[in-house]
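For the sequence shown, this note's numbering gives the first residue as 57, with consecutive numbering after it. In this text, a Cβ means the ideal position worked out from N, Cα and C, and glycines have one as well. Quantities reported herein were computed from a predicted structural model and do not represent experimental measurements. Accompanying notes for the structure given below.
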Amino acid sequence: NGSTLHRTPHIDRLAKEGTKLTSFYVASGVCSPSRAAILTGCYPRRVNMDVPDNAGRVLQPVSPKGLHPDEVTIAEILKTRDYATTIIGKWHQGDQPEFLPTRQGFDSYYGIPYSDDMTAREGKPWPALPLMRDEVVVEAPADRDTLTLRYTQEAQQFITRHKDQPFFLYLPHAMPGSTR
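Here's what the structure looks like:
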């Protein structure tokens with residue numbers, strides 16, 4: 057049912073009591089392109105989010121590339137239907153201001169802009185992993201040991217605040233995708 061490496065009693069129970077979907081397809085086997093496909097409904101190459109092997113296959117910190125602001129995301133579509141929209145978790149669609157989720161249809165954002173397990177390549181210094189609220193860095197480096205708990209608490213608060221209206225909560229947890 058769940059993981060053979062981690063205890064997953066709640067996921068195991070959900071699978072036992074609910075519907076188990078055992079076949080799925082993704083547009084890419086790595087993070088940035090796959091997330092772009094989920095958010096836009098387009099193949100990563102169509103939205104210029106395919107990342108070549110020689111560039112690390114995913115967006116790197118301080119990259120000049122990201123999901124172009126003109127691309128339409130599911131959050132933007134749902135906002136036209138009066139949904140409250142938020143992302144809580146790992147964005148990984150560009151960390152420059154023009155690529156942040158608040159510019160892609162999300163009312164709010166709480167999370168990290170790229171993977172928490174990346175290390176600098178070719179001796180280039182990278183900034184400390186930032187935890188952001190909307191477009192403001194609130195912690196750097198982000199305390200990675202508590203991110204999952206804090207993301208979950210933020211999600212619970214969002215659901216409570218919006219329980220009487222339609223909402224879209226995109227909750228891409230950073231764990232267990234990280235190596236920590």
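Check, Outcome
"Does the structure place the region 187 to 196 close enough to the region 122 to 131 that three or more beta carbon pairs sit under 8 Å?", "no"
"Anyone know if the C-beta pair for Q221 and D163 falls short of 9 Å?", "no"
"Write down every uninterrupted run of the alpha helix (DSSP H) in the region 129 to 207 whose length is 4 residues or greater and which is fully enclosed by it, in chain order.", "130 to 135"
"Compute the beta-carbon to beta-carbon distance between I144 and L225, rounded to the nearest angstrom, for a pair I have assumed lies under 8 Å.", "7 Å"
"What's the C-alpha gap between P100 and W147?", "15 Å"
"By alpha-carbon positions, which one of F223, I168, M231 and A71 ends up nearest to Q149?", "I168"
"Leaving out five residues before and five after Y170 in sequence, what residues of the same chain have Cβ atoms less than 7 Å from its Cβ?", "L115, P117, H148 and D151"
"Once you ignore the five residues that flank K121 on each side, which residues in its own chain have a CB closer than 7 Å to its CB?", "L115 and G150"
"In angstroms with no decimal places, state the Cα-to-Cα distance between L156 and V192.", "11 Å"
"As a quick exercise: from I94, A93 and P153, pick the residue whose alpha carbon is nearest that of S119.", "P153"
"Starting from L95, trace the beta strand (DSSP E) in both directions and tell me its first and last residue.", "Taken as a continuous stretch (DSSP letters only), L95 belongs to no beta strand (DSSP E), being part of the alpha helix (DSSP H) at C87 to T96."
"With a 10 Å radius around its C-beta and 16 neighbouring C-beta atoms as the bar for buried, classify F214 as buried or exposed.", "buried"
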